[in-house]
Amino acid sequence: MRAARSLGALVVVALAIGAAFLAVHRAEAGTRTAVGDPGDRARSIIETFRSGEHLYVGPEMSSLLTPDQVEQVAAAAEAADPPVYVALVDSHLVAGYDGTHHLLAQLLEGVGDEAVYLVWDGQPRTGYSMTPPQLTGYLSSEMTGKNDLALLRFVDAVESEVTRVEPGERFDYWGGTGGGIAAGLLMVGLGYTLVMLVVGTIRAVAGSSFRLPGRWRDFFWGGS
226 MRAARSLGAL VVVALAIGAA FLAVHRAEAG TRTAVGDPGD RARSIIETFR
276 SGEHLYVGPE MSSLLTPDQV EQVAAAAEAA DPPVYVALVD SHLVAGYDGT
326 HHLLAQLLEG VGDEAVYLVW DGQPRTGYSM TPPQLTGYLS SEMTGKNDLA
376 LLRFVDAVES EVTRVEPGER FDYWGGTGGG IAAGLLMVGL GYTLVMLVVG
426 TIRAVAGSSF RLPGRWRDFF WGGS
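Just so you know, we're using the numbering used here here: the sequence shown kicks off at 226 and counts up by one.
Have a look at this one:
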């Protein structure tokens, strides 16, 4: 009897641990965007950033900054800690991506650097940024003022607001691995209780004892 109870407890613990790791894995996977293959525009930006440049200016945005301003913004973006990658593109042009956030996800995956990625079309309130899981911090999307100053202000905000996150502190849906294990235990416990209630109800309706007989009762209920 005691061996059966121990085996039952081990099975429940094993199921809980498995459910916890599955929950954490699924939560982490859910935070990743299905970016797909980048189009020509996204590939061009990715290649520019991979070559060491930190500022991409689309042909349609060439009047946004003067040559001197381009150099100043690019240097500041590269020198920032964490570094910043800036893409100046018209967000209304569909070029292999579905909206600005999709483009950002493609850049994040395609470049792969631990950096802040900004896509801006020059409008005062349409700056969109994205960071990898290793970085955290709030960045305003407001880009008011002169174009070069707005970009430099964003770079300054990255340095003051964005911090690196240690692997053990990274946020996930369950609040970390410990939260995932607790969630797994809860899910297994609730599932176990539900199964026993269903089985017991069926047995009671059929005119049998609500509790399982013999060794099955010892295994699941702990015997008497």
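Idealized CB from N, CA, C, for every residue including glycine.
Every value quoted in this text rests on a predicted model; they were computed, and no experiment measured them.
Considering only residues of the stretch 267–333, which uninterrupted alpha helix (DSSP H) runs meet the minimum length of 4 residues and lie entirely inside it, listed in chain order? Counting only runs of 4 or more, we get 292–304.
For V344: DSSP bridge partner residues: Beta-bridge annotation (DSSP): V344 is paired with A312, Y353.
Do the stretch 366–373 and the stretch 279–298 touch if we need at least three Cβ pairs shorter than 8 Å? Under the 8 Å Cβ criterion, the stretch 366–373 counts as touching the stretch 279–298, having at least three qualifying pairs.
Measure the C-alpha to C-alpha separation of G347 and T325 and round it to an integer number of angstroms. The alpha-carbon atoms of G347 and T325 are separated by roughly 13 Å.
Rounding to the nearest angstrom, what Cα-Cα distance links L456 and L419 in this structure? Because the chain is modelled from 226 through 449, residue 456 falls outside the range shown and cannot be assessed.
Just confirm the distance between the C-beta atoms of E339 and G362, as a whole number of angstroms; I'd bet it's less than 8 Å. Actually they do not touch by this definition, with Cβ atoms about 13 Å apart.
Spatial neighbours of T273 in its chain, beta-carbon cut-off 6 Å, leaving aside the 5 residues before and after: In chain order, Y281 place their CB closer than 6 Å to the CB of T273, counting only its own chain and leaving out the 5 sequence neighbours on each side.
Cutoff 9 Å: Y363 Cβ touching any chain B Cβ: Here chain B cannot be found, since the structure has a single protein chain.
Residue span of the alpha helix (DSSP H) that contains A382, given as start and end: Where A382 is concerned, the enclosing alpha helix (DSSP H) stretches over 372–386.
Helix, strand or coil: which one does DSSP assign to L364? In the displayed model, L364 falls within coil according to three-state DSSP, outside both helix and strand.
Would you mind stating whether I427 and V336 have Cβ atoms separated by less than 9 Å? No, the Cβ-Cβ distance between I427 and V336 is not below 9 Å.
Outcome for L422 when other beta-carbon atoms lying within 10 angstroms are tallied against a minimum of 16: Exposed.
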